[in-house]
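Protein chains in written order, with our numbering: chain W, 183 to 302; chain H, 64 to 494.
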């Protein structure tokens, strides 16, 4: 492909940190800490975007049939409820930030996955 | 090295990259000595490398590094009477807080104070008493947390050269007794301009990277962008800071589309806009909006960002609002006169209006000494002449442009355009 992806591919590594549902509901203190965390990452220039997700609509495409189902459709701890898109210099930086996040949040589940550009 | 030790070292490196600027800034705030602050922060890193693999990473690694460095500072002050009364006093103050670990940790974590120190660190690293290249090296070292080796690779320089440059810069700051402060209002515009210039130079160095270059070169773009975003949060009321961030975000959005694999640059209007990073474009628009909301006459970065935004907004090259771009260039020339910008204005006018008028503007630039040997002038003229069907002259201009550039892919492109124009001449010759 005639693109710069080859040389610029890894330069700004993006990671999507996702949080699954099912954790204990956040209290005032956690909200405050979370605000602080988001602010800190924004200040450091590493947080590109963050947001929460509703349960949404599930899509199944099969042999040309599209089936749409409104949630709930799975165990809440299997469903992503929020995300943060991080721009870092290495996977270890993303892992370190995730470690900090989960230390703050307590019990729960989630993932950290590298995001590739359109060239993927 | 066992794998878990290697993993611990990688984790420590990650913590360092995320925290080193704040640690150095906080220490410099205490010690009023940037060189010593960096040295002590490095010492703390060495301790971490010794201890963490066995004991695990502490709960708050940044605060741990900061505390360790502070304790080292106290030791150093105790042992070194030469540092003088002021530091002795500081040593006693530090010792007093050391008695109460909880209060000490709170003091270390005082974000607002460290933010102030971070801003001071930025200003001192870009201090006009230093040469531009020293400012760049020191900024990347102290604020970017890059190693001298990485800076050397980024700038295609020898590592000892960069190491010497940094040592000398720290020496100059000490010998000239440059205060660790945010400059007073009278000096601030000029000093801020220096900070912004350094960030944009780093960005452009990365942007000029080409195929086969060390990955550290393009990484300079992300580094400049990250520092710019940081500065925007530290100085939210400065429109030009947001202007520069907007400019870098939008320019960075084009990185995936700006070079062919062969290394040939793809002109802006021929780039595949589907490859532009829409997330960065949106971030650029947001920064632009923040700058505009602050009001006041627009500065050069804000104006350049506004021009970049015109391109970003156009879904196809044909939809570009050239009239608006030409107007923005006109304003930019009034704020920051430059023949290069005048040349860009010529292009915009040609695109908005007609090539003839654009060409007239370039006629006025022919005698400009600053543009002598600048290949973009004949290249633009070639382009406009070709649009006007004056292929013989266009061929000449493209050949001249090719002879003036040292960038091989670019030269190839220009010679190709000369050949294309030359080929266009033939039908008229035959008729």
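All residues carry an ideal CB built from backbone N, CA and C; glycine is no exception.
- Secondary structure at residue 461 of chain H: helix, using DSSP grouped into helix, strand and coil.
- Listed along the chain, the chain W residues whose CB falls inside 8 Å of the CB of residue 108 of chain H amount to none; the nearest CB is some 15 Å away.
- Residue 115 of chain H and residue 392 of chain H have their C-alpha atoms roughly 55 Å apart.
- H/119 is the residue among H/119, H/289, H/263 whose C-alpha sits nearest the C-alpha of residue 67 of chain H.
- Taken atom to atom, the span from the alpha-carbon of residue 95 of chain H to that of residue 140 of chain H is near 13 Å.
- Taking a 10 Å sphere around the C-beta of residue 289 of chain W, we find fewer than 16 other C-beta atoms and assign the residue as exposed.
- Closest in C-alpha terms to residue 91 of chain H, from the list H/398, H/100, H/415, comes H/100.
- Chain-ordered, the chain H residues with CB closer than 7 Å to the CB of residue 225 of chain W read 293, 296.
- Positions of the alpha helix (DSSP H) runs, each at least 4 residues long and wholly inside the segment 263 to 319 of chain H, are given as 279 to 297, 302 to 316 in order along the chain.
- One Cα belongs to residue 272 of chain H, the other to residue 263 of chain H, and the distance between them is close to 15 Å.
- In this structure, residue 178 of chain H keeps its C-beta atom at 8 Å or more from the C-beta atom of residue 89 of chain H.
- Membership of residue 196 of chain W in the beta strand (DSSP E) is indicated by the continuous run 195 to 202.
- Around the beta carbon of residue 229 of chain W, a 10 Å sphere encloses 16 or more other beta carbons of the protein chains shown; the residue is thus reported as buried.
- Chain-ordered, the chain W residues with CB closer than 8 Å to the CB of residue 80 of chain H read 271, 272, 275.
- DSSP, read as helix, strand or coil, puts residue 388 of chain H in helix.
- With a cut-off of 8 Å on Cβ pairs, the segment 450 to 465 of chain H is in contact with the segment 474 to 484 of chain H, counting three or more such pairs.
- For residue 203 of chain H against residue 76 of chain H, the beta-carbon gap comes to about 16 Å, at or over 8 Å, which does not count as contact.
- The distance from the Cβ of residue 217 of chain H to that of residue 292 of chain H is about 19 Å, inconsistent with a contact at the 8 Å cut-off.
- The Cβ of residue 285 of chain H sits closer than 8 Å to at least one Cβ of chain W.
- Boundaries of the beta strand (DSSP E) around residue 295 of chain W: 292 to 297.
- Straight-line spacing of the CA atoms in residue 441 of chain H and residue 480 of chain H works out to 12 Å.
- By the beta-carbon neighbour count (other beta carbons within 10 angstroms, threshold 16), residue 245 of chain H is buried.
- Its Cα nearest to that of residue 107 of chain H, the residue H/83 stands out among H/97, H/93, H/98, H/83.
- The C-alpha of residue 433 of chain H is placed about 31 Å away from the C-alpha of residue 275 of chain H.
- For residue 285 of chain W, the residues of chain H that pass the 8 Å Cβ criterion are 122, in the order they occur in the chain.
- Interface annotation, residue 290 of chain W: not in contact with chain H, CB-CB separation never under 8 Å.
- Listed along the chain, the chain H residues whose CB falls inside 7 Å of the CB of residue 235 of chain W amount to none; the nearest CB is some 17 Å away.
- When the five nearest sequence neighbours on each side are left out, the beta carbons in the same chain lying within less than 7 Å of the beta carbon of residue 295 of chain W are those of 197, 198, in order along the chain.
- Within chain H, the residues 74, 77, 78, 81 have their CB atoms less than 7 Å from the CB of residue 278 of chain W, given in chain order.
- Runs of alpha helix (DSSP H) with 4 or more residues, each lying fully within the segment 399 to 468 of chain H, are found at 402 to 415, 418 to 426, 439 to 450, 454 to 467, listed in chain order.
- Judged by DSSP secondary structure, residue 269 of chain W falls within the beta strand (DSSP E) whose first and last residues are 262 to 270.
- Taking each of H/126, H/214, H/195, H/212 in turn and checking the Cα distance to residue 174 of chain H, the smallest one comes out for H/126.
- In terms of beta-carbon proximity, residue 319 of chain H lines the interface with chain W, with at least one pair separated by less than 8 Å.
- Neighbours of residue 194 of chain W in chain H, taken as residues whose beta carbon is under 7 Å from its own, are 285 in chain order.
- Within the DSSP bridge table, the entry for residue 322 of chain H names H/328 as partners.
- For residue 309 of chain H, the closest C-alpha among the options H/319, H/265, H/355 is that of H/355.
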